[in-house]
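Just so we're aligned, residue 551 is where the sequence shown starts under my numbering, counting upward by one.
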Amino acid sequence: MKTHHLAGVTVAMKNLYGLIPKEDKRLYHRIDRLEEAIVDLNMARPSDLIIVDGTFSTHHIPPFEKQRLDLALGGSDPVAVDTVAAKVMGVDPRTIRFLSWAEEKGIGTKDLGRISISGLSIGEAYRKDTVTILDLCRRKYPRVKIIDGQSCTGCFGRIGTALYGAFKEDVFKEDLYILMGPKAIPPKTGAYIILCGNCLAPTFYNGLKGTFIPGCPPDLKEFRRALESLAPSETKIP
Ligand code: SF4
């Protein structure tokens, strides 16, 4: 039961990603089609029964910080199991693109009103200290303020992963605001701002000063270029 830097969570649906050969896994990562592959795999061979080991949760990439949950989850609908697991780990399932796509394809439901839960309630199982990619970014770069206004995995997964891996260590000497998601509210400050993704096109074109990274999901090369222009010259992105 883990949070995942690109997909949001890795629990029931992404588990099937482990069934395909390594070279295919690398390919879908390289062409940025991880979430599409997850949905296709679950359509090709839907799970009959899902049992989730929730003794601990962790984040999918180092430092693999663990949180003790002492849970077991079970179900026959992978979309529902992932939805409940995401809620327990503090990730909003509405922001996870592969869950929305899976629901559209009829694989299962992420409608909490239609998911029947036995045993602990989500509120009883919830752990607020579960770590996500944005938490790792905030810790690594204290001067980078990420304003996440209900962005989906297309933004928070990709931008978060690109930001986290961009530099070996913290290089930011001044405050930088990174906005993503349709509800992101710009700060009232003269600090440098990067607006990520088409959801923020109206904010940018309404006159907000900053760098706009277009695309849905946003263009990562443009994002890296924007970061690089702010970093000292000796800390170029590899
Ligand atoms: S721009 Fe696209 S990828 Fe980013 S939050 Fe909006 S819908 Fe998601």
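Note that CB positions come from ideal geometry on N, CA and C, so glycine has one too.
- Short of 6 Å from the beta carbon of F762, and not among the five residues preceding or following it, lie these beta carbons of its own chain, in chain order: L745 and F754.
- Remark: the shortest separation between the CB of P767 and any heavy atom of the ligand SF4 falls under 7 Å.
- For D620, there is no enclosing alpha helix (DSSP H); the residue is part of the beta strand (DSSP E) that begins and ends at Q617 to G625.
- DSSP places G704 inside the alpha helix (DSSP H), whose first and last residues are T703 to A716.
- With 16 or more neighbouring CB atoms inside 10 Å of its own CB, D632 falls in the buried class.
- Between L758 and the set D720, I728 and C705, the nearest pair of CA atoms involves I728.
- In the displayed model, D632 falls within a helix according to three-state DSSP.
- From the listed residues D598, R689 and L662, the smallest Cα separation to E615 is found for R689.
- Distance from the CA atom of F706 to the CA atom of L686, rounded to whole angstroms, is 12 Å.
- For A622, the closest alpha carbon among the candidates P628, V629 and F606 is that of F606.
- Per DSSP, T753 is one residue of the alpha helix (DSSP H) stretching across A751 to Y755.
- DSSP places F722 in the coil class of the three-state scheme, outside both helix and strand.
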